[in-house]
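To start, the structure under review is shown below, and the notes come after it.
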Amino acid sequence: MTLQHSEAGWQSQPSIVVDIATFIGHWQTLKGTKVTAKQLLAFKKQLLIPYTIEAWFVGYSQPQRISAYQLAHFWLLNNGAGQWLAVTVDSDFLFPPLSSKR
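Start counting the sequence shown at 1; every next residue gets the next number (UniProt numbering).
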């Protein structure tokens with residue numbers, strides 16, 4: 001999925017089933033609990049298939065890469081700055097279903 005902002009607002013390719021501004025707001029206001037190195041080590045065996053989010057920010061020449069792992073009761077996210085966060089949200093909050101419209 002690609003999200004892009006222009007003067008006309010946010011666009012998603014492919015389309016998503018939720019309001020795109022609301023979805024962007026989810027990511028912009030996302031908060032979690034910091035995970036220590038010791039805690040991360042305890043989770044290592046559960047970190048199987050990562051989701052990778054590539055975000056381009058104004059003023060940066062390279063994208064920020066965010067890794068996310070879905071565990072049984074929460075998501076574990078690396079914020080791209082070396083910090084790991086435990087976030088408790090529904091999977092659709094972070095990764096909404098794609099629209100069947102083209």
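Beta carbons are placed, not taken as given, at the ideal position from N, Cα and C, and that holds for glycine. Because the structure is a prediction, the values reported are computed rather than measured.
ask   = Where does isoleucine 49 fall in DSSP's three states?
value = coil
Beta bridge counterpart(s) of serine 12 as assigned by DSSP = Leu3
task = Give the DSSP-derived three-state secondary structure of tryptophan 56 in the structure shown.
result = coil
message = Less than 7 Å between C-beta atoms, sequence neighbours within five positions excluded: which residues of the same chain meet that for proline 63?
response = Glu54, Ala55 and Trp56
query = If we ignore side chains and look at the alpha-carbon of each, how far apart do leucine 3 and glutamine 13 end up?
reply = Distance between the alpha carbons of leucine 3 and glutamine 13 is about 7 Å.
task = Tell me residue 106's beta-bridge partners as DSSP assigns them.
result = This structure cannot speak to residue 106, because the chain is shown only from 1 to 102.
task = Go through its chain and collect everything with a Cβ distance to threonine 52's Cβ below 8 Å, but skip five positions before and after it.
result = Arg65, Ile66, Ser67 and Ala68
key: Range covered by the beta strand (DSSP E) that runs through leucine 94   = Counting along the chain, leucine 94 falls outside any beta strand (DSSP E), though it belongs to the alpha helix (DSSP H) covering 91-94.
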